[in-house]
Amino acid sequence: MKHILRKTIVYLISILLTLSLVGCGSTSSDDDVGTDSRRENWGETTEQAEETTELTTVEESTKIDATKTEADKTSDSDSDEKASTDDSASTDDKTSSDDSTASAGTDGESDASGSSSDTAGDEDDNISTNKSTGGKLIVLDPGHSNVVTGNTEPLGPGSGEMKAADSTGTHGVSSGLSEIELNFQVATKLKTELEARGYTVLMTRYDNNTAISCSERAQIANNAGADAFIRIHADGSESSSSSGAMAICITPSNPYTASTYSASRKLSDAVLNAYVASTGFSSRGVWETDTMTGNNWSNVPCTLIEMGFMTNPNEDSLMADSAFQQKIVTGIANGIDNYFAN
């Protein structure tokens, strides 16, 4: 009986163990399936993630490339704009450099740097308009300057003879006024008078500190195509009794610009005669000489007027007087009128 009971117990234990093992195997299988499923799902998820990442990377790369391309375009545009600005600046700089060379011929401009290129352009328009309506262009040359370079230049085009390119001139024994300032005062007032009479007027300098040589003064008149080039000076002498006014022009045999002699002589006579009539100064006549650099370089009718002697106390005091300067201006302007009228 005990033996049967023992067998039964063993049998039951075996069944329980079997069931237990079956249960464990089922659980393991489920776990394995779950694990495999999870692994498969994880693999799919990983692949999807990788694909998504790759897609995102491609999209981002595309966006980056597009952004870079747009940036490059912007950069190129900026570069082109800068280049255009540089070209414009270069053109402006170039334009600012050309106006500086001829700065003495810009109306209303007293800066030797030639910064007012717009003014020069306006004047060019005025010149063209006035010429088309019969107006005349006069270039006034107030002699000398406070700024002297000490350079030399040819006496005339192609000449081997050299002369001082510039000088400071003389001084008033009574007024203490420099010839530089006297010439400038008269030229400025003469410009106003001539413009009131319908002329177009340029000056070779608009202040007393412009460094400009005699040949450069003449070139301003040449380049402008002036109808008359009026050079304004005052005389000086070791003798305080020297007096009177004089005009200077080239000779008929001038080796540089003889073709202008007839007109230059006519202009000199007209200006000197009207000048002495207006001022009451004595006339010392017209001196024909080829020793004046500014006259030799002029391709247009040219005269140099010596208004009087600053070394003569009486004439110096008169020429420094503002009211008397108006007589000087009227005389020269009348002479220019007479030159064109005849």
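Just so you know, our numbering puts 118 at position 65 of the sequence shown, and the rest follows in order with no gaps.
Ideal Cβ placement from N, Cα and C applies to all residues, glycine included.
Secondary structure of residue i, DSSP reduced to three states
i: L320; result: helix
i: V382; result: helix
i: V192; result: strand
i: V239; result: helix
i: E359; result: strand
i: F334; result: coil
i: A217; result: strand
i: T253; result: strand
i: P210; result: coil
i: S231; result: strand
i: T205; result: strand
i: S169; result: For S169, the predicted model reports a pLDDT of 32, less than 50, meaning its position is unreliable; a value from the coordinates is still stated below. Coil, per DSSP.
i: L325; result: helix
Cβ-based neighbour list, residue i, same chain, cut-off 8 Å, excluding 5 preceding and 5 following
i: T205; result: M215, K216, A217 and A218
i: N47; result: No statement about residue 47 is possible, as the shown extent of the chain runs from 54 to 395 and does not include it.
i: T202; result: A218, D219, A264 and S266
i: S335; result: S296, G297, A298 and V329
Nearest to residue i (by Cα), restricted to the options the options
i: S266; options: I385, P207 and F393; result: P207
i: A300; options: V329, S306, T202 and N367; result: V329
i: A287; options: A274, I303, E248 and F237; result: F237
i: G213; options: T257, N276 and Y309; result: Y309
i: S268; options: L230, G388, G196 and T383; result: G196
i: G389; options: N367, P366, L325 and S370; result: Strictly speaking, residue 389 in this sequence is Ile, with Gly absent from that position. Checked all of N367, P366, L325 and S370; the closest Cα to I389 is L325.
i: A277; options: V239, M256 and A264; result: M256
i: T342; options: F334, S351, E359 and P305; result: P305
i: V382; options: S227, R250 and V201; result: R250
i: A311; options: N365, S351, V226 and R258; result: S351
i: A281; options: P210, S294, A264 and Y314; result: Y314
i: C302; options: A386, P210, V339 and N275; result: V339
i: E368; options: F393, R337, K189 and A298; result: A298
i: P210; options: P366, V226, A271 and N391; result: A271
i: S228; options: R258, A264 and S370; result: S370
i: N391; options: A316, P366 and S336; result: A316
i: F393; options: V226, K242, Y252 and L235; result: Y252
i: E359; options: N275, N307 and I283; result: I283
Sheet register partners of residue i (DSSP bridge)
i: W340; result: I301
i: F393; result: In DSSP, F393 forms no bridge with anything.
i: I285; result: P195 and I358
Close beta carbons around residue i, own chain, < 7 Å, minus the five adjacent residues each side
i: V254; result: I191, L193, K244, L247 and E248
i: A240; result: L193, P195, M256 and I285
i: S290; result: F362 and T364
i: I233; result: H197, S198, N199, T221, G222 and N261
i: G384; result: A327, Y328, A330, S331 and T332
i: N387; result: A327 and S331
i: R258; result: A157, P195, S198 and I265
i: G188; result: G251, Y252 and T253
i: A279; result: L190, I191, V192 and V353
i: K380; result: S331 and T332
Own chain residues within Cβ distance below 6 Å of residue i, not counting five before or after
i: D85; result: Residue placement at D85 cannot be trusted, given a pLDDT of 40 that sits under 50; what the coordinates show is reported in the next sentence. For D85, where only same-chain residues beyond five positions count, there are no Cβ hits under 6 Å.
i: L230; result: A373
i: S294; result: none
i: P366; result: V226 and S227
i: H224; result: S231
i: R337; result: G297 and M299
inquiry  = With three or more C-beta pairs closer than 8 Å as the rule, is the stretch 301-320 touching the stretch 351-358?
reply    = Contact between the stretch 351-358 and the stretch 301-320 is present, because at least three Cβ pairs lie under 8 Å.
query = Do three or more CB pairs link the stretch 364-380 to the stretch 339-350 at distances below 8 Å?
reply = At 8 Å Cβ cutoff, the stretches do not touch.
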